[in-house]
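Here is the structure we will look at, set down as structure tokens.
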Amino acid sequence: MKLLVKVATELNVGLHTVVEHLQKKGFEIDQKRTAKVTDEMYAELLKEFQGSIKRRKLLTFFKKQCRLLL
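Right, dumping it as structure tokens:
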């Protein structure tokens, strides 16, 4: 299990977005930063927000490259 705040940060989306998506999919979760995200919930979130993770990694990579050039 992971904390909701950690999952939202990892997926590069807001807490509200994560909670809203999980509730739409039938999961029960509180909108507290310390709410627990089960493995099943996490798998669903990865399916939905995998693109956000890739974008974040690309942005991080490009920022590092720009710093090296300066």
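First residue of the sequence shown? That's -9 in the numbering used here, and the numbers climb one at a time after it.
All C-beta atoms, glycine included, are put in the ideal place defined by N, C-alpha and C.
Best match in the options for proximity to residue i [C-alpha to C-alpha]
| i | options | result |
| --- | --- | --- |
| E10 | T28, D20 and L1 | D20 |
Anticipated Cβ contact below 8 Å, residue i with residue j, distance rounded
| i | j | result |
| --- | --- | --- |
| S42 | V3 | 6 Å |
| F39 | L1 | 4 Å |
Run of the alpha helix (DSSP H) containing residue i, from where it starts to where it stops
| i | result |
| --- | --- |
| T(-1) | L(-6) to L1 |
| E10 | L5 to K14 |
Beta-carbon contacts of residue i that lie in its chain and below 7 Å, excluding the five residues immediately before and after
| i | result |
| --- | --- |
| K47 | none |
| T28 | M(-9) |
| A93 | As displayed, the chain neither begins before -9 nor continues past 60, which places residue 93 out of reach and without an answer. |
Beta-carbon contacts of residue i that lie in its chain and below 8 Å, excluding the five residues immediately before and after
| i | result |
| --- | --- |
| R23 | L(-7), L(-6), V(-5) and L5 |
| L35 | V(-3), L1, V8, H11, L12 and V27 |
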